[in-house]
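Residue numbers (this note's numbering): 2 to 147.
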Amino acid sequence: MADLDLSANFSIANAAAHCISMTDAMIQAYAKQQTKENTKKRHFIHAYPGIVKTELFGSLPWYLRAPTRAFSQILGITPGECATNLFTGMVEASTANEKEGKFWSCIDSKGSLIESKPTWTADQIQQVEEHTWNIIDTAVTASFSE
């Protein structure tokens, strides 16, 4: 928790893992608000879509386009399949977890609930929340001052 900016440990792999973790933390922060009385209950889901057959790789350099496109076509699923999997998983996960008073879930590319995701402590969530909003507020302020 001491290096939320990754200033001492930056790498592409660390940044990717960090993005996933911070998203998990913020989803749990929003979910925690759902336990307040007289709150319209919403369920927050972090979905991992997997490999989807799209034209996302079309903007890559020419030498990467063909291999990534082939990789996507062989291992990927169609956008429609992805949407069906994630929508079905979203409904099933939110229904199951809300019965237990839990308003967040993580689902995989098949829409299956990822049970192994750790629950963040209130202190960890607060640190990530403050850090996240500080970054956003700083960026918004900077964009208006230009």
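The beta carbon of each residue, even a glycine, is placed where N, CA and C say it ideally should be. These figures come from a predicted structure and were not determined experimentally.
Contacts around residue i, its chain only, beta-carbon distance under 6 Å, and the 5 residues preceding and following it disregarded
i: Glu82; result: none
i: Trp105; result: Ile28, Gln29, Ala32 and Phe45
Residue interval of the beta strand (DSSP E) (run including residue i)
i: Ile47; result: Going by the sequence as given, residue 47 is His instead of Ile. His47 -> beta strand (DSSP E) spans Phe45 to Ala48.
Whole-Å CB distance - residue i paired with residue j, under 8 Å assumed
i: Ala26; j: Ile126; result: 6 Å
i: Ile78; j: Gly51; result: 7 Å
i: Asn86; j: Lys111; result: 5 Å
Neighbour-count burial assignment, residue i, 16 or more Cβ in a 10 Å radius
i: Ala48; result: buried
i: Trp63; result: exposed
i: Val129; result: buried
i: Trp134; result: exposed
i: Phe145; result: exposed
i: Ile21; result: exposed
i: Gly90; result: buried
i: Ser12; result: exposed
i: Ser95; result: buried
Contacting residues, own chain, Cβ-Cβ under 7 Å from residue i (five flanking each side not counted)
i: His153; result: Because residue 153 is not part of the residues shown, which for the chain are 2 to 147, the question remains open.
i: Ile115; result: Cys107, Ile108 and Asp109
i: His132; result: Leu5
i: Thr139; result: none
Element boundaries [alpha helix (DSSP H), containing residue i]
i: Trp105; result: Per DSSP, Trp105 belongs to no alpha helix (DSSP H); it is in the beta strand (DSSP E), Trp105 to Ile108.
i: Val92; result: Pro80 to Lys100
i: Leu76; result: Trp63 to Leu76
i: Asp25; result: Ile13 to Gln34
i: Ile52; result: Looking at the DSSP string, Ile52 is not in any alpha helix (DSSP H), and its letter there is neither H nor E.
i: Glu131; result: Ala123 to Ser146
Nonlocal neighbours in the same chain, by C-beta distance under 8 Å from residue i, ignoring five residues either side
i: Glu101; result: none
i: Lys54; result: Ser73, Gln74, Gly77, Ile78, Thr79 and Pro80
i: Thr24; result: His47
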